[in-house]
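Participant:
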Amino acid sequence: MISRSSVALACIDRFALCSPNINIRVLNQHRVAIRLIVIACLLWFIIPIHIPVQVNIQMPGRRCGASGTYSIVYAIYAAVVTTIPLIIMVVFSSLAIHHLKHIRSRVHTDTSLANMNVQLIIYFFSTILFPIYSMYTAFTSTVVKDADRTAIEGFLRYMALSFLIYVNSSSIFYIHLLASKAFRQECKQLILRLYRGEQNNNVAMTLVGITNTRK
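All residue numbers for the sequence shown refer to my numbering, where the first residue is 32 and numbers rise by one.
Here it is, written out as structure tokens:
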């Protein structure tokens, strides 16, 4: 949720940058962004504190999950925390695009807004299954299911709780890698620094070994 909140805050930042209102543009500052990120991190450490308290180990699958009334509460919680960042992204991205239409000189240079729109689409498709699956599980927990239905639910569980979550978390890196030349150059320089540092360490260890052998 911290990464999703960061994308939502980035949408707000782009909106503030493109806004014709000077009072709103004041929000597009480095210190404001740092404060909002810190607040978001603190909130997402506090808000889900109920999960380790209420979640238990369910048998016979030996997996962690909600049960009883809390399963419905958790399903509602999952739907809310998934929907709120999406609404923020859609609203502020739409407003930013609307403002950009009146600033023709920035339309072709502001690639960060286009990147965020792609992130918004990926976020929607990679998270929409999670609240749906949580609600479905909560309301069918007492239903007797056959082997085929159990297998289908197992596949949906993997998609909702594993695969799509990983896609959502890693997509930001690949989007910037494909869209931003500066980001690609920074990644290349970082890899080269790590590679050269590893080479220097190997040379130093070899020299130490030769010195010890001569002694």
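Here a beta-carbon is modelled for each residue, glycine too, at the ideal position from N, C-alpha and C.
Here the structure is a predicted model, which means the values were calculated and not measured.
#1: Pick helix, strand or coil for Asn87, following the three-state DSSP scheme.
#2: Rounded to whole angstroms, what is the Cα-Cα separation between Phe194 and Tyr154?
#3: With a cut-off of 8 Å, do at least 3 Cβ pairs link the region 106–124 to the region 35–42?
#4: Applying the criterion that 16 or more other CB atoms from any shown protein chain within 10 Å of the CB defines a buried residue, is Phe186 buried or exposed?
#5: Where does Leu58 sit, in a helix, a strand or coil, going by DSSP?
#6: Report all residues from its chain with a CB closer than 8 Å to the CB of Arg137; omit the five preceding and five following residues, and keep chain order.
#7: Suppose the cutoff is 6 Å on Cβ atoms and the five residues either side in sequence are ignored; what does the same chain contact list for Lys212 look like?
#8: Is the Cβ-Cβ distance between Pro162 and Thr113 less than 8 Å?
#9: Take the Cβ of Arg35 as the centre, count every other Cβ of all protein chains shown within 10 Å, and call the residue buried at 16 or more, exposed below.
#10: Following the continuous alpha helix (DSSP H) through Gly185, name the residue where it begins and the one where it ends.
#11: Report buried or exposed for Gln60, applying the criterion of at least 16 other Cβ atoms within 10 angstroms of its Cβ.
#12: Less than 8 Å separating the beta-carbons of Asn148 and Ser124?
#13: Using the three-state DSSP reduction, which class does Lys132 fall into: helix, strand or coil?
#14: Helix or strand or just coil, what does DSSP make of Pro162?
#15: Taking buried to mean at least 16 other C-beta atoms within 10 Å of its own C-beta, is Phe46 buried or exposed?
#16: Hey, would you say Cys218 sits closer than 8 Å to Leu208, going by beta carbons?
#17: Check Ser193 in the structure and name its three-state DSSP category.
#18: Would you please state the rounded distance, in angstroms, between the beta carbons of Ser165 and Ala106? I believe it to be under 8 Å.
Facilitator: Quick answer:
#1: strand
#2: 13 Å
#3: yes
#4: exposed
#5: coil
#6: Per-residue confidence for Arg137 stands at a pLDDT of 49, beneath the threshold of 50, marking its modelled position as unreliable; no derived number is given.
#7: none
#8: yes
#9: buried
#10: 178–189
#11: exposed
#12: yes
#13: coil
#14: helix
#15: buried
#16: yes
#17: helix
#18: 4 Å
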